[in-house]
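Have a look at the structure below before the remarks.
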Amino acid sequence: MGYNLLKGKRGIIFGALNDKSIAWKVAERAVEEGAQITLSNAPIALRMGQINALGEKLNAKVIAADATSVEDLEKVFSESTEALGGKIDFVLHSIGMSPNVRKNKPYDDIDYKLLDTTLNISAISFHKMLQVAKKQDAIAEYGSIVALTYIASQRAIFGYNDMADAKALLESIARSFGYIYGTEKHVRINTISQSPTMTTAGSGIKGFDSFVDFAEKMSPLGNATAEDCANYCMAMFSDLTRKVTMQNLYHDGGFSSMGISAEVMEKYNSGK
Ligand SMILES: NC(=O)c1ccc[n+]([C@@H]2O[C@H](COP(=O)([O-])OP(=O)(O)OC[C@H]3O[C@@H](n4cnc5c(N)ncnc54)[C@H](O)[C@@H]3O)[C@@H](O)[C@H]2O)c1
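Quick look at the structure:
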């Protein structure tokens, strides 16, 4: 159900690959809430994924961009302001990839060239996005920029590998840039720390089913789904959260405040 929370707003959604993607759900909800949007993803995702179908359905221009390329990002922001007819009110960074994870390299034996790629795609792309947006003065006053992160940035979670370092950097960029962009242009920048969610990126992590099951049993409200995350993004993009910036916001059914739950204790005691 829509509440017209984003009526008249313009947004850019990065990272919708298929209908499992968190960005896909965010794009659908944003349009339902009255926004006009553009979509962007890597050229290979445009060829292999289903983003073009989403673009047609939502009447949204799809702009190919490798998020590690400043030139490509410049194109996304200039073409978006042109296509949408004005400054951008909200941006979602929903991008992550680790070649070390893909190649099953353990954290204590990672390839450093691949680490560069992980950091560049999953974190530095966020800085590039913000720098391009600011240089073009493409974001409206009190515009809201959100990137998606995971709690492995703050706690050791076995198997999340170098993505944990990328997420720590991503969250730090949100704070450091958030100060500058907030003071100079009243633009707010936050990260949402989402529950493990069954998507293409998520299921690439070794033992991901166990992550999901464990988090479900630990969280008093259960895991937050991709649809729940899209709803939270609506609140963050709306004018109802105008004074929230530089925060890492947990959206995880309470997981981040737990030590051990009765359900996990029971499973442990039963030896299953
Ligand atoms: N799935 C989870 O459990 C979970 C939990 C917390 C946070 N997140 C984060 O949510 C975000 C979205 O992931 P998802 O789970 O929806 O999976 P997803 O695989 O659907 O999305 C990842 C996206 O990153 C894009 N991407 C990769 N390299 C790129 C590049 N060079 N340029 C532009 N785009 C590129 C992919 O094409 C894809 O669309 C990621 O940042 C992820 O780390 C996911």
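When we follow the numbering used here, the leftmost residue of the sequence shown carries the number -18, and every step to the right adds one.
Yeah, the Cβ is synthetic: ideal placement off N, Cα and C, and Gly gets one too.
Setting aside the 5 residues that flank it on each side, G183 is surrounded in the same chain by P177 and F189, each with a C-beta closer than 7 angstroms to its C-beta; the list follows chain order. Contact between A104 and A147 holds, with the beta-carbon distance rounding to 5 angstroms and staying under 8 angstroms. Distance check between L129 and each of I161, E122 and D233 places D233 closest, using alpha-carbon atoms only. In the pairwise beta carbon analysis, the stretch 221 to 236 is classified as not touching the stretch 7 to 21: fewer than three pairs are separated by under 8 angstroms. DSSP places D70 inside the beta strand (DSSP E), whose first and last residues are I69 to H74.
Take T181, set aside five residues on each side of it, and the residues of its chain with a beta-carbon closer than 8 angstroms to its own are L(-2), N(-1), K1 and S2, in chain order. Boundaries for H167: no alpha helix (DSSP H) harbours it, and the DSSP string shows neither H nor E there. With contacts defined as CB atoms closer than 8 angstroms, K68 and A11 fail to qualify as a contacting pair. The Cβ atoms of G(-11) and E14 do not sit closer than 8 angstroms to each other.
When L65, T62 and L150 are compared, the shortest CA-CA separation from G77 is found for L150. When only Cα atoms are considered, M179 and L100 end up about 22 angstroms apart. With contacts defined by Cβ atoms closer than 8 angstroms, G(-4) and R83 do not form a contacting pair.
A direct Cα-to-Cα measurement between F158 and K86 gives close to 32 angstroms. For L39, the closest of V51, E9 and G66 by C-alpha to C-alpha distance is E9.
If one requires a minimum length of 4 residues, the alpha helix (DSSP H) runs lying completely within the stretch 178 to 253 are 181 to 184, 189 to 199, 207 to 218 and 243 to 251, in chain order.
D47 has its Cβ nearer than 7 angstroms to a heavy atom of ligand 1.
When rounded, the separation of the alpha-carbon atoms in K109 and A48 is 8 angstroms. Contact between the stretch 196 to 205 and the stretch 234 to 242 is present: three or more C-beta pairs spanning the two stretches fall below 8 angstroms. A Cβ-Cβ contact shorter than 8 angstroms links L73 with V7. Distances between the C-beta of S75 and the heavy atoms of ligand 1 include at least one below 7 angstroms. Beta-bridge pairing by DSSP links L129 to I173.
For secondary structure counted as the beta strand (DSSP E) over 3 or more consecutive residues, the stretch 72 to 123 holds no complete run.
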